[in-house]
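Scroll down for the structure; my scribbles are underneath it.
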Ligand SMILES: [Zn+2]
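Residue numbers (the working numbering), protein chains in the order written: chain A, 49 to 234; chain B, 1357 to 1448.
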């Protein structure tokens, strides 16, 4: 093996180590940008291709934010015109009950919401202004940091924080204290 | 300044920091002094204390919510295979 092949090998390994832990979150976020699971997968693959080509320009910090920025740009390019808002209504269509992915949930013993609260949450989230909703989905549902959500939305961190705060306040008021304190949620 | 007014001012001060307190996000940390002041207020304020509990419950509800997009583990595997092919192609 020549030394340039060694270098390519190292580069490939470094990239794999960077990306592997982020595949799932990339797919989830991609799913909020696209209309179908298949589109989300295409978007992630195309983004990885671009990320690999641009690896030398990555400073090594915050790989998730870097990958999500590429995801956002790739999505914009693939659709020519940038979508004005992320997280459209297709994302709010009822999906199958979350029987999987339990490991990521905060508590194994309570992995389902009370059905009534679940419905109310659907209605309340759907009623949010789209800009507020996307901030909420990215941070509270996808567990992104403020900076990562800012990378996806292409807005400053302060904007994510104010949208998030308004979204949460609206939901809290809509659901009300009784709803939120019942069901051992707190 | 009356106790009520002072309490209201603290509520206002607290309201502006509660989200950052709950998220503890590296982009917008509170100082230890702010955390201490906030926690002291939450412990005694009958407005802000329950509000924080509601925000915690809301966050938890959202993490359990069925609207959370489900990612098929098979899709993760396919992307991983794609990643392997992408990065192996050049080395061999
Ligand atoms: Zn207060």
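We put the beta carbon where it would ideally sit given N, CA and C, even for glycine. Keep in mind the model is a prediction, meaning the values are calculated, not measured.
Give a yes or no on whether the minimum CB-CB distance between residue i and chain A is below 9 Å.
| i | result |
| --- | --- |
| residue 1369 of chain B | no |
| residue 1391 of chain B | no |
| residue 1423 of chain B | yes |
| residue 1406 of chain B | yes |
| residue 1447 of chain B | Per-residue confidence for residue 1447 of chain B stands at a pLDDT of 44, beneath the threshold of 50, marking its modelled position as unreliable; no derived number is given. |
| residue 1361 of chain B | no |
| residue 1410 of chain B | yes |
| residue 1427 of chain B | yes |
| residue 1414 of chain B | yes |
For the alpha helix (DSSP H) that residue i lies in, which residues bound it at each end?
| i | result |
| --- | --- |
| residue 1392 of chain B | 1388-1400 |
| residue 228 of chain A | 205-229 |
| residue 1440 of chain B | 1429-1444 |
| residue 180 of chain A | 178-184 |
| residue 166 of chain A | 163-174 |
| residue 198 of chain A | 194-201 |
| residue 68 of chain A | Unbroken run through residue 68 of chain A: none, as it is neither H nor E. |
| residue 1368 of chain B | 1359-1371 |
| residue 1377 of chain B | 1374-1379 |
| residue 82 of chain A | Neither: residue 82 of chain A is in no alpha helix (DSSP H) and is coded neither H nor E. |
| residue 111 of chain A | 111-126 |
| residue 1411 of chain B | 1404-1420 |
Show which residues of chain B have a CB atom less than 9 Å away from the CB atom of residue i.
| i | result |
| --- | --- |
| residue 203 of chain A | Those within 9 Å of residue 203 of chain A in chain B number zero; the least Cβ separation is about 13 Å. |
| residue 160 of chain A | 1420 and 1422 |
| residue 237 of chain A | Here chain A comprises residues numbered 49 to 234, so residue 237 of chain A is not present and cannot be evaluated. |
| residue 80 of chain A | 1425 |
| residue 173 of chain A | 1418, 1421 and 1423 |
| residue 115 of chain A | Correct list: empty, because the minimum Cβ distance to chain B is about 12 Å. |
| residue 223 of chain A | 1410, 1413, 1414 and 1417 |
Is there a Cβ from chain B that is less than 9 Å from the Cβ of residue i?
| i | result |
| --- | --- |
| residue 71 of chain A | yes |
| residue 84 of chain A | no |
| residue 209 of chain A | yes |
| residue 127 of chain A | no |
| residue 111 of chain A | no |
| residue 75 of chain A | yes |
| residue 182 of chain A | no |
| residue 153 of chain A | Residue placement at residue 153 of chain A cannot be trusted, given a pLDDT of 44 that sits under 50; what the coordinates show is reported in the next sentence. With 9 Å as the cut-off, residue 153 of chain A counts as an interface residue toward chain B. |
| residue 216 of chain A | yes |
| residue 179 of chain A | no |
| residue 59 of chain A | yes |
| residue 119 of chain A | no |
| residue 219 of chain A | yes |
| residue 186 of chain A | no |
| residue 124 of chain A | no |
| residue 228 of chain A | yes |
Show which residues of chain B have a CB atom less than 7 Å away from the CB atom of residue i.
| i | result |
| --- | --- |
| residue 213 of chain A | 1375 |
| residue 97 of chain A | 1442 |
| residue 166 of chain A | 1421 and 1422 |
| residue 176 of chain A | In chain order: nothing, as chain B lies at least about 12 Å away. |
| residue 105 of chain A | Here the premise fails: no neighbours, minimum Cβ distance about 17 Å. |
By alpha-carbon positions, which one of the options ends up nearest to residue i?
| i | options | result |
| --- | --- | --- |
| residue 180 of chain A | A:68, A:98, A:111 and A:197 | A:197 |
| residue 65 of chain A | A:210, A:81, A:192 and A:111 | A:111 |
| residue 81 of chain A | A:60, A:106, A:178 and A:225 | A:178 |
| residue 208 of chain A | A:96, A:185 and A:119 | A:185 |
| residue 1365 of chain B | B:1388, B:1393 and B:1375 | B:1393 |
| residue 215 of chain A | B:1418, B:1402 and B:1363 | B:1418 |
| residue 19 of chain A | A:75, A:98 and A:97 | Here chain A covers residues 49 to 234 and nothing more, so residue 19 of chain A does not appear. |
| residue 255 of chain A | A:114, A:168 and A:175 | Nothing about residue 255 of chain A can be reported from this structure: the residues present for chain A run from 49 to 234 only. |
Starting from the beta carbon of residue i, find every residue of chain A whose beta carbon is closer than 7 Å, and list them in chain order.
| i | result |
| --- | --- |
| residue 1397 of chain B | The premise fails here: residue 1397 of chain B is roughly 18 Å from chain A at the closest Cβ pair, so nothing lies under 7 Å. |
| residue 1431 of chain B | 75, 85 and 89 |
| residue 1417 of chain B | 161, 165, 169 and 233 |
Residues of chain A with a CB under 9 Å from the CB of residue i: which are they?
| i | result |
| --- | --- |
| residue 1386 of chain B | In chain order: nothing, as chain A lies at least about 13 Å away. |
Against residue i, what residues of chain A qualify as contacts under a CB-to-CB distance less than 8 Å, listed in chain order?
| i | result |
| --- | --- |
| residue 1434 of chain B | 89 |
Relative to ligand 3, is the shortest distance from any of its heavy atoms to the C-beta of residue i smaller than 8 Å?
| i | result |
| --- | --- |
| residue 1441 of chain B | In the structure shown, ligand 3 is absent; the only ligands present are ligand 1. |
For a contact defined as C-beta to C-beta under 8 Å, what are the partners of residue i on chain B?
| i | result |
| --- | --- |
| residue 68 of chain A | 1436 and 1439 |
| residue 199 of chain A | The premise fails here: residue 199 of chain A is roughly 11 Å from chain B at the closest Cβ pair, so nothing lies under 8 Å. |
*asked:* Residues around ligand 1, please: the condition is that the C-beta lies closer than 7 Å to some non-hydrogen atom of it.
replied: B:1363, B:1366, B:1367, B:1370, B:1397, B:1401, B:1403 and B:1404
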